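The structure appears right after this line, and notes come after that.
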Amino acid sequence: MAQIERDETREERITMEIVVDAYGPEEQAMGWYAYLDDILQIPFLA
5 MAQIERDETR EERITMEIVV DAYGPEEQAM GWYAYLDDIL QIPFLA
């Protein structure tokens, strides 16, 4: 599998928008859940 170069702008966006105020892995997972729930049009074609 190819390695993807780390993008600091992307990492900053994730930190500030998705996992902001998350104190543990459970809260980070819920941050991702809420973000994807807002962004994705469900159901969608894969």
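Residue numbers (this note's numbering): 5 to 50.
Glycine residues also receive a C-beta, built at the ideal position from the N, C-alpha and C atoms.
None of the values given here were measured: they were computed from a predicted structure.
- If you draw a straight line from the Cα of W36 to the Cα of M5, it comes to about 24 Å.
- Inclusion of Q32 and A26 in the CB contact set at 7 Å is warranted, their separation being smaller than that value.
- Listed in chain order, the alpha helix (DSSP H) runs fully inside the stretch 10-37 are 12-17, counting runs of at least 4 residues.
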